[in-house]
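**Q**
In the UniProt record's numbering, the protein residues as written are 1 to 572.
(1) Quick one: Cα of residue 363 to Cα of residue 160, how far?
(2) Should residue 65 go down as buried or exposed, given a rule of 16 or more other Cβ atoms within 10 Å for buried?
(3) Taking residue 575 as part of the alpha helix (DSSP H), name the residues at either end of that continuous run.
(4) For residue 587, count neighbouring C-beta atoms within 10 Å of its own C-beta (all shown protein chains included) and say buried if the count is 16 or more, exposed if not.
(5) Would you tell me roughly how many angstroms separate the C-alpha atoms of residue 326 and residue 315, rounded to the nearest one?
(6) Nearest by alpha-carbon distance to residue 366: which of 167, 237, 88 is it?
(7) Considering only their Cβ atoms, is the gap separating residue 482 from residue 308 smaller than 8 Å?
(8) Looking only at its own chain, which residues have a Cβ that is under 7 Å from the Cβ of residue 493, when we skip the five neighbours before and after it?
(9) To which residues of the same chain is residue 418 closer than 7 Å at the C-beta, ignoring the five residues directly before and after it?
(10) Inspect the beta-carbon positions of residue 537 and residue 149 and report whether they are closer than 8 Å.
(11) According to DSSP, simplified to helix, strand and coil, what is residue 128?
(12) Which residue from 396, 300, 292 puts its Cα closest to that of residue 445?
(13) Would you call the stretch 236 to 256 and the stretch 196 to 210 touching, i.e. three or more CB-CB distances under 8 Å?
(14) Going by C-alpha distance, which of 18, 406, 267 is nearest residue 373?
(15) Judging by CA-CA distance, which residue of 422, 518, 415, 473 is the nearest neighbour of residue 343?
(16) Leaving out the 5 sequence neighbours to the left and right, which residues in its chain are closer than 6 Å to residue 3 when beta-carbon positions are compared?
(17) Whose CA, out of 413, 542, 170, lies closest to the CA of residue 11?
(18) Counting along the chain, where does the beta strand (DSSP E) carrying residue 180 start and finish?
(19) For residue 28, is the classification buried or exposed, using 16 other Cβ atoms within 10 angstroms of its Cβ as the cut-off for buried?
(20) With H, G and I counted as helix, E and B as strand and the rest as coil, what does DSSP make of residue 474?
(21) For a cutoff of 8 Å on Cβ pairs, would you count residue 557 as touching chain B?
(22) Roughly how many angstroms lie between the CA atoms of residue 152 and residue 346, to the nearest whole one?
(23) In its own chain, which residues sit with a C-beta less than 6 Å from the C-beta of residue 487, not counting the 5 before and 5 after it?
(24) State whether the stretch 434 to 443 contacts the stretch 346 to 357, with contact taken as three or more CB pairs (one from each stretch) at a distance under 8 Å.
(25) Among residues of its own chain, excluding the 5 on either side of residue 179, which ones have a beta-carbon nearer than 6 Å to its beta-carbon?
(26) If the criterion is Cβ atoms closer than 8 Å, does the pair residue 36 and residue 57 meet it?
(27) Measuring CB atoms only, is the stretch 42 to 53 touching the stretch 111 to 131, in the sense that at least three cross pairs come out at less than 8 Å?
(28) Starting from residue 191, follow the alpha helix (DSSP H) in both directions and report where the run begins and ends.
(29) Decide if residue 280 is buried, meaning its Cβ has at least 16 other Cβ atoms within 10 Å, or exposed.
(30) Using a threshold of 8 Å, state whether the C-beta atoms of residue 257 and residue 223 are closer than that.
(31) Curious, which full-length alpha helix (DSSP H) runs of at least 4 residues does the stretch 411 to 493 contain?
(32) Around the Cβ of residue 561, are there at least 16 other Cβ atoms within 10 angstroms (buried) or fewer (exposed)?
(33) Would the beta-carbon of residue 189 fall within 8 Å of that of residue 213?
(34) Restricting to runs no shorter than 4 residues, where is the alpha helix (DSSP H) found entirely within the stretch 129 to 155?
(35) May I have a chain-ordered list of the alpha helix (DSSP H) segments no shorter than 4 residues that lie completely inside the stretch 3 to 90?
(36) Whose C-beta lies closer than 8 Å to the C-beta of residue 121 among residues of the same chain, with five residues either side of it excluded?
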C-alpha cells in the first residue's frame with residue numbers, strides 16, 4: 001500500500017505511467033479485426049468452437065480496440081494484456097489438442113469493474129491510498145469466469161467512493177460517454193459502459209447498489225442485468241463501505257445483446273463463493289406464455305420524467321402490443337418514500353466510512369452534498385428543510401434533506417423495518433393487485449447527464465435506487481435515440497399533472513443551464529428498465545429478449561453500433 005505521507009500526485013503520475021506503458025503493446029486496429037469486434041460474445045464462442053477463430057486472434061482485436069476506447073473515453077485503470085495473452089495461448093493449445101472448449105465463455109475478452117480483485121493487480125477504485133497493493137487472490141466471480149474460459153484483460157474506471165453515477169476520481173480522471181464527450185458514461189460501473197459500447201470489450205462485469213449497472217448501460221446504449229442479491233457471489237469485490245448490509249451491492253453483467261447476458265448468466269449464477277452465502281440456484285430454463293401481461297409507468301412522485309424517457313417507455317409498450325402482449329398502466333408505491341429509506345440508511349454514519357478512504361485525495365464535486373448534508377448541525381438542517389418546504393415550496397426535497405443525518409442504532413433498526421414493510425407493500429400493491437409478468441419503467445427522468453450533473457442532482461437516481469431497496473431483478477435495454485423534435489418540453493408537458501420536486505425539476509428542465517437539452521443529446525441512447533419478481537432473473541432476461549425482438553433489430557445497437565454511426569456521419 002502506498003505510504004500515506006506521499007503526495008497523491010506522485011501516486012497518480014506513477015499509476016498513469018504504468019497504465020500508459022501497458023497500453024503500448026496494443027496493436028493498431030485493422031480491417032482484419034472488424035469481424036471479431038462486430039461479433040457478439042455468443043458468436044465468438046461459436047466461431048472458436050468451429051475452428052474458424054482462435055482465442056488469441058479475438059483477444060488481439062479487442063486489445064487493439066480497448067486502447068482506442070481508452071484514448072477516446074479514458075475508461076481503463078489496470079491493464080492485464082500480457083496475462084490475458086498467455087492465457088489465450090493456453091486455451092488455443094488445449095483446444096487444438098482436445099477439440100474441447102474450456103467452458104461456455106471460452107476465448108471471450110472481458111473487462112472488470114475496477115473493484116474486482118485480479119491477482120497481481122491493484123483494486124484501487126480511484127483511491128490513491130489503495131494503490132501499490134496488488135490482489136493476492138481473485139474475486140469469486142473472476143475465478144468463475146476464468147474457469148468458464150473467459151479472458152479478463154482490463155479493469156475499468158469508477159467514480160470516487162462509487163457513490164455517484166458519474167465516473168471521475170483524482171487517480172484516474174474522468175471517463176466520458178462514447179456518444180458525446182461532453183456527457184458522462186454513467187456510474188458507478190461507468191468505465192464498463194464506455195469500453196463495451198466502443199467494442200473494446202465483448203462482455204463486462206460490474207456492480208449495482210443504486211443503478212450502477214443500469215445507468216451506464218442506459219447512457220451508453222447497452223444491455224445489463226441487475227440480479228437480486230444471492231445469485232452471483234460478491235466476494236473479492238472491494239467496497240468503500242464494508243459491513244453495510246441494509247442495501248446490498250449486486251454483481252451483474254453488461255453486454256451488447258440480451259443473448260450475451262444470458263450466456264454469462266448461465267456461467268456465473270449460483271456458483272458458491274468464499275462466504276457461502278449464494279443461493280444454490282444455477283441458471284434455470286424459462287418458457288414464457290405466448291401472451292405476456294406487462295405493467296408500466298412513465299413517471300413517479302419525485303420528479304417528472306422527460307418527454308424522451310417517457311417516449312422510450314411508450315414506444316416499448318406499443319411494440320409489445322403489436323406482438324399481442326397486454327400492457328396496462330400501473331401505480332407503484334411512493335418512490336419518494338423509497339428514497340427517504342435509502343438515504344436514511346446510507347447516511348447512518350454521515351458517510352464517514354466511504355469518505356475516510358480519500359486520504360490526501362481531493363474530493364470530487366459529485367460528493368459535495370454527501371459530505372455536507374449529514375454533517376449539518378440538527379437545527380441548521382431542520383431550518384434548511386423548513387425553508388425548502390415553506391419558502392421554496394418543495395416538500396419533496398425537504399423530506400429528503402430531513403432523512404440524511406447520523407443515526408442511532410434504534411433508528412437504523414426502524415429504517416430496516418420500514419424497508420421490509422415497503423417491500424411487502426410493493427408485492428401487495430403491484431404484483432398481487434395487477435397480476436402482471438413484468439414492469440416497464442424509465443431508467444431516469446432524463447436520458448443523458450452532462451459532466452457535473454451529479455454535483456447537485458444526485459437524487460435523480462431515485463428511479464433505479466427503488467429496485468435496489470426492494471431487491472428485485474432488473475434489466476436495461478436500449479429502445480431508440482433521442483429525437484430533438486419529438487422530445488421537446490412542450491406547453492402540454494409543463495401543464496400536465498404529476499410534477500415532483502421543484503428543485504430537481506428546475507435543475508433538469510428550466511433555464512439556460514438545464515441538464516435536459518434534447519438538441520445537445522440528439523441521437524444518444526434511450527433505454528428502459530424491465531423489472532421482474534424476486535428470484536426471476538431468468539424471466540427478466542426472457543422478457544428483455546421479447547421486448548428486444550418486438551422493437552426490431554434496426555435500432556442501431558449491438559456490436560459495431562458506434563462505428564456504424566461514424567460511417568453514417570462520414571457519408572453525410
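Each residue gets a CB set at the ideal place from its N, CA and C atoms; glycine is no exception.
**A** Put simply:
(1) Within the chain shown, the letter at position 363 stands for residue 363. Within the chain shown, the letter at position 160 stands for residue 160. Spanning the two alpha carbons is a distance of roughly 8 Å.
(2) Along the chain shown, read from residue 1 onward, the residue named residue 65 stands at position 65. With 16 or more other Cβ atoms within 10 Å, it is buried.
(3) For residue 575 there is no data in the structure shown, the boundaries of the chain being 1 and 572.
(4) Residue 587 cannot be examined here, being either before or after the span of the chain that is shown, 1 to 572.
(5) As a first step, residue 326 is located in the chain shown; it is residue number 326 there, counting from the start. As a first step, residue 315 is located in the chain shown; it is residue number 315 there, counting from the start. Looking at the two C-alpha atoms, the distance is approximately 14 Å.
(6) As a first step, residue 366 must be located in the chain shown, where it is residue number 366. Measuring from the Cα of residue 366, the nearest candidate turns out to be 167.
(7) Walking along the chain shown from the start, residue 308 turns up at place 308. Walking along the chain shown from the start, residue 482 turns up at place 482. It is a contact, given that the beta carbons lie within the stated cut-off.
(8) By one-based count along the chain shown, residue 493 stands at place 493. Here the set comprises 307.
(9) What you label residue 418 is simply residue 418 of the chain shown in a count that begins at 1. Taken in chain order, the residues that qualify are 341.
(10) Along the chain shown, one-based indexing puts residue 537 at 537. Along the chain shown, one-based indexing puts residue 149 at 149. No.
(11) As a working note, residue 128 is residue 128 in the chain shown. Helix.
(12) By 1-based counting over the chain shown, the position of residue 445 is 445. Measuring from the Cα of residue 445, the nearest candidate turns out to be 300.
(13) yes
(14) As a working note, residue 373 is residue 373 in the chain shown. For the residues 18, 406, 267, the minimum Cα distance to residue 373 belongs to 406.
(15) Along the chain shown, read from residue 1 onward, the residue named residue 343 stands at position 343. Residue 343 has its Cα closest to that of 415, out of 422, 518, 415, 473.
(16) Your numbering for residue 3 matches position 3 in the chain shown. Confidence at residue 3 is low in this model, with a pLDDT of 46, below 50, so its placement is unreliable and no value can be given for it.
(17) The residue labelled residue 11 in the question sits at position 11 within the chain shown. Of 413, 542, 170, the residue nearest in Cα terms is 170.
(18) Here residue 180 refers to the residue found at position 180 of the chain shown. Run containing residue 180: 180 to 184, per the beta strand (DSSP E) assignment.
(19) Taking the chain shown and counting its residues from 1, the one referred to as residue 28 is at position 28. With fewer than 16 Cβ atoms within 10 Å of its Cβ, residue 28 is classed as exposed.
(20) Start at 1 with the first residue of the chain shown, and residue 474 comes out as number 474. Residue 474: strand per DSSP, three-state reduction.
(21) Of the chains in the structure shown, none is chain B; there is only one protein chain.
(22) In the chain shown, the residue the question calls residue 152 occupies position 152. In the chain shown, the residue the question calls residue 346 occupies position 346. Their backbone Cα atoms lie some 32 Å apart in a straight line.
(23) Residue numbering aside, residue 487 sits at position 487 when the chain shown is read from its first letter. For residue 487, where only same-chain residues beyond five positions count, the Cβ hits under 6 Å are 307, 308, 518.
(24) no
(25) Working through the chain shown from its first residue, we reach residue 179 at position 179. Taken in chain order, the residues that qualify are 524.
(26) Walking along the chain shown from the start, residue 36 turns up at place 36. Walking along the chain shown from the start, residue 57 turns up at place 57. Yes, they are a contact pair.
(27) no
(28) As a working note, residue 191 is residue 191 in the chain shown. Where residue 191 is concerned, the enclosing alpha helix (DSSP H) stretches over 190 to 197.
(29) Working through the chain shown from its first residue, we reach residue 280 at position 280. Its Cβ having fewer than 16 others within 10 Å, residue 280 is exposed.
(30) Translated into the one-based positions of the chain shown, residue 257 becomes position 257. Translated into the one-based positions of the chain shown, residue 223 becomes position 223. In this structure, residue 223 lies closer than 8 Å to residue 257 by Cβ.
(31) 454 to 457, 462 to 469
(32) Locating residue 561 in the chain shown gives position 561, where the first residue counts as 1. Buried: at least 16 other Cβ atoms inside 10 Å.
(33) Within the chain shown, residue 189 is the residue found at index 189, counting from 1. Within the chain shown, residue 213 is the residue found at index 213, counting from 1. Yes, the Cβ-Cβ distance between residue 189 and residue 213 is below 8 Å.
(34) 140 to 147
(35) 8 to 23, 34 to 37, 41 to 49, 55 to 73
(36) As a working mapping, residue 121 is identified with position 121 in the chain shown. Cβ within range, chain order: 78, 80, 134, 135, 155.
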